[in-house]
Amino acid sequence: MATLYVVATPIGNMEDITLRAIRVLREVHLIAAEDTRWTRKLLSHYHITTPTTSYHEHNEKKKAPYIIERLKEGMDVALVTDAGTPGISDPGYRLVRLAIENHIPVTAVPGPSAIITALSVSGLPTDSFLFAGFLPHRRGARRRRLEELKTKGALTCILYESARRLKATVEDIAEILGDTELVVARELTKLHEELIRGKTSDVLRILKESQPRGEITLVVRIPEPVTEEPALKEKLTALMKEGLTLKDAVERVTETTGTARKDAYRIALMVKKELQKGGS
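The numbering of the sequence shown is the numbering used here, which starts it at 5 and goes up by one.
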């Protein structure tokens, strides 16, 4: 029986492909591609003449059985996506699952991934991270999803987002996760690669002046959750007793806990009055 190869391809720069991937793409009998037009550019660049067939979310139900039959006939097949590693936010995993169910060997040919690429240059902690894919398009659903992610606490989260929705998404991140650390990775490995780093407030100021285009990967630090008012009050009291101003204490709390600035400020005013009363 033949093998299904899951082959990672460049996310931008054509040189970011392994020697093994080039060999496999040459040797298999068929390449199942999410976008055959883009894949043909890659194949042409490396003078690969292997036949291609489309396999994407709109034809997967029809195409998956066809590809499985080719594998059963002894034809090795390579699965590729538009860019990066197949199966990440695309229907590739379903073909892999179907191959496994039919006892067809599945082999990974590892390589580029926008997730790991963005994470590696973000400067944010990598000891614990979560890939959350695309956020919902609608604002209400997007905000509910961010509220869910907020409960994960103290980890780095990688998201995909369209350039068109980027500013609205960062605004929601700022309001729900607080003034946390954020990296906007745009056009990774491509000619116009850009990394925007800073707090959500810093990033928003930049986005108000220009509208980034192209492929966007977001890396955001989800702060340690402190959701109960008594806990917030205790933190703010300790900080202000250490000598921090109200403004600095609010900054610290929103940065480390993800509390909305307006909530932290309200509680800080209460703490300041109590401290003044206690000192009088």
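By construction, the Cβ of each residue, glycine as well, lies at the ideal position given by its N, Cα and C atoms.
{"Query": "Going by other Cβ atoms of all chains shown within 10 Å of its Cβ, with 16 needed for buried, is Arg-209 buried or exposed?", "Result": "exposed"}
{"Query": "Within its chain, find whatever has a CB closer than 8 Å to the CB of Thr-57; leave out the 5 residues flanking it on each side and keep chain order.", "Result": "Leu-34, Ile-35, Ala-36, Ala-37, Thr-40, Lys-67, Tyr-70, Ile-71"}
{"Query": "For the segment 148-160 against the segment 122-130, are there 3 or more C-beta pairs whose distance is under 8 Å?", "Result": "yes"}
{"Query": "Tell me which residues share the same chain as Thr-263 and place their Cβ nearer than 7 Å to its Cβ, disregarding the 5 neighbours each side in the sequence.", "Result": "Gly-182, Val-230, Leu-236, Val-257"}
{"Query": "Exposed or buried, what is Gly-88 when buried is set at 16 or more other beta-carbons lying within 10 Å of its beta-carbon?", "Result": "buried"}
{"Query": "In angstroms with no decimal places, state the Cα-to-Cα distance between Asp-86 and Gly-115.", "Result": "13 Å"}
{"Query": "Which residue marks the beginning of the beta strand (DSSP E) containing Arg-225, and which one marks its end?", "Result": "220-226"}
{"Query": "Name the one or two DSSP bridge partners that Lys-171 has.", "Result": "Its beta-bridge partners do not exist; DSSP assigns none."}
{"Query": "For Thr-173 versus Arg-146, is the C-beta spacing smaller than 8 Å?", "Result": "yes"}
{"Query": "What are the boundary residues of the beta strand (DSSP E) that Lys-203 is part of?", "Result": "198-203"}
{"Query": "Which residues mark the beginning and the end of the alpha helix (DSSP H) in which Gly-96 is found?", "Result": "96-105"}
{"Query": "Let me check understanding here. Comparing Cα to Cα, which of Arg-149, Gly-247, Leu-240 lies closest to Val-254?", "Result": "Leu-240"}
{"Query": "Around the C-beta of Thr-204, are 16 or more other C-beta atoms found within 10 angstroms, so that it is buried, or is it exposed?", "Result": "buried"}
{"Query": "In three-state DSSP terms, what is Leu-192?", "Result": "coil"}
{"Query": "Between Leu-222, His-196, Ile-177, which lies nearest to Arg-265 when the distance is taken from Cα to Cα?", "Result": "Ile-177"}
{"Query": "Using only the alpha-carbon positions, how far apart do Leu-47 and Pro-55 sit?", "Result": "10 Å"}
{"Query": "Report the partner residues of Ile-162 according to the DSSP bridge assignment.", "Result": "Phe-135, Val-223"}
{"Query": "Check whether the segment 102-116 touches the segment 139-153, taking contact to mean three or more Cβ pairs, one atom from each stretch, closer than 8 Å.", "Result": "no"}
{"Query": "Do Leu-123 and Leu-99 have their beta-carbon atoms positioned less than 8 Å apart in this structure?", "Result": "no"}
{"Query": "What is the rounded straight-line gap between the Cα of Leu-102 and the Cα of Ala-12?", "Result": "19 Å"}
{"Query": "Secondary structure at Pro-88, three-state DSSP: helix, strand or coil?", "Result": "This sequence places Gly at residue 88; Pro is not what is there. Gly-88 falls in the strand class under three-state DSSP."}
{"Query": "Assign Glu-185 to one of three DSSP states: helix, strand, or coil.", "Result": "strand"}
{"Query": "Mind checking which residues open and close the alpha helix (DSSP H) that includes Ile-120?", "Result": "118-126"}
{"Query": "Where Ala-167 and Gly-218 are concerned, what is the direct C-alpha to C-alpha distance, given to the nearest angstrom?", "Result": "6 Å"}
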